[in-house]
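Below: the structure, in structure tokens.
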Ligand SMILES: Nc1ncnc2c1ncn2[C@@H]1O[C@H](COP(=O)(O)OP(=O)(O)OP(=O)(O)O)[C@@H](O)[C@H]1O
Ligand SMILES: [Mg+2]
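Numbering (UniProt numbering), first residue to last: 1 to 439.
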């Protein structure tokens, strides 16, 4: 169900439809993604389904807003092709359906935009500019409407730091061209919808994002865990810095449950025959759904595919029962009635929308622990973070992790030290420049 937007969110939506490109920024939970969804709804009303494309860098971020990844949109599978070679390939006759899809786009919507590497943002902008009339090729994105959302003070693009050669999308020239001058604007949302105003977490996070965490803040956060062992917080989603740490935690938790295990093995149908195409198809299927998913009654899981408007990818729940190989009954957190999640079909299609390969698999993964990067953009009802169990050194990682929580009551933090809290100079600069522009 659509929420009622606050004044800042409504203004940002109106700006897009008055002809401005808009980048909404602001702290975690200020409602950027919710604003994005409103833009998408209005955009589809105005320009139809094909007139709007919703993009994000990671599959999990794309799933949250029912969008697609930049790589799949540009049909790039491997490597680091130049913008010219991407364009050249898209212009080939075999890609004519994809190209006509790009030509039909009137509104480009991007969530978690700061997690896109600058060069990929440039490539996207270039492709859209080249897919415009010569008169519009001097305009960013060929004159299409652009709406981007994200927080430059949360986890950045993979490998992008203050000292790396690669920069984040929001530090590129094409970003500045798109969202400034007469073409557009960066808009800071000032509401806060994830944490309540009376909760101490909001103030702690506001200080943390600007590197102003006090000793009292750290003590308050660490006091949330108490002296209990990890198992006490079984119903909490544990956040980890690395995939390997999350997987180890999930395996340990699964081992601790006495219930019978059920393994969902994928069933693949590969329709291509050339060995290289088969290899490529298998690699893509692996990214869409796991080869094997082991579940049991009581396991905490995350939904990997949006099933309906109110049951989106990223929803967490607990397994109530398993119908082996067919479906899983899940009690999703925050929903009164359990939902039967059935095995789904995950397909890879070619430019003509023909299915090249299909994997049937249950759209669930164990989720006692997930990585912060997978959790980015999510609101997680119960969050536990043990800072002592892994290395937590990336810029903005701690803020990105802790800001998933809705309140201090629903948060458990252990082992947080000052050195875990790092902000990033480029993000601070982004907001400072905005303030200077606002006068
Ligand atoms: N106007 C609103 N009224 C009520 N709830 C809202 C409103 N805007 C957002 N929310 C809710 O607040 C939570 C956080 O919103 P949202 O995910 O849009 O924040 P965000 O700024 O995108 O956060 P992040 O930086 O973590 O991605 C979500 O549960 C969302 O549904
Ligand atoms: Mg968001």
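Just so it is clear, CB atoms sit at the ideal spot from N, CA and C, and this is done for glycine as well.
In summary, residue 98 is buried, with 16 or more beta-carbon neighbours lying within 10 Å of its beta-carbon over all protein chains present. When C-beta atoms of the segment 30-48 are compared with those of the segment 286-297, fewer than three pairs fall below 8 Å, so the two segments do not count as touching.
In this structure, residue 33 has its CB closer than 7 Å to one or more heavy atoms of ligand 2.
In terms of CA proximity to residue 296, 257 leads the group 257, 195, 325. Closest in alpha carbon position to residue 427, among 81, 386, 397, is 397. Checking the DSSP bridge columns, you'll see residue 411 partnered with 383.
Distance between residue 222 and residue 101, taken at the CA atoms: about 50 Å. Not one heavy atom of ligand 2 lies closer than 7 Å to the C-beta of residue 48.
The alpha helix (DSSP H) runs lying completely inside the segment 11-86 and spanning 4 residues or more are 32-47, 59-64, 70-73, given in chain order.
Proximity of the beta carbon of residue 69 to ligand 1 is not indicated: no heavy atom of the ligand is located closer than 7 Å.
Excluding five sequence positions before and after residue 114, the CB atoms of its chain that fall closer than 8 Å to its own CB belong to 150, 151, 152, 154, 156, 157, 168, 169, 170, 427, given in chain order. For residue 195, the distance from the CB to the nearest heavy atom of ligand 1 is not below 7 Å. Straight-line measurement puts the Cα of residue 147 at about 11 Å from the Cα of residue 187. In the DSSP assignment, residue 292 falls within the beta strand (DSSP E) that extends over 292-296. Excluding the 5 residues flanking it on each side, residue 183 has same chain C-beta neighbours closer than 8 Å at 20, 21, 139, 140, 177, in chain order. Residue pairing by DSSP puts residue 184 in a beta bridge opposite 21. If you look at residue 276, you'll find it in the alpha helix (DSSP H) that goes 275-288.
In the structure shown, the three-state DSSP call for residue 402 is helix. DSSP places residue 265 in the strand class (E or B) of the three-state scheme. Judged by their CB atoms, residue 408 and residue 206 are not nearer to each other than the 8 Å cut-off. At least one heavy atom of ligand 1 lies closer than 7 Å to the C-beta of residue 4. Contact annotation, residue 304 with residue 313: C-beta distance approximately 6 Å; criterion of less than 8 Å satisfied.
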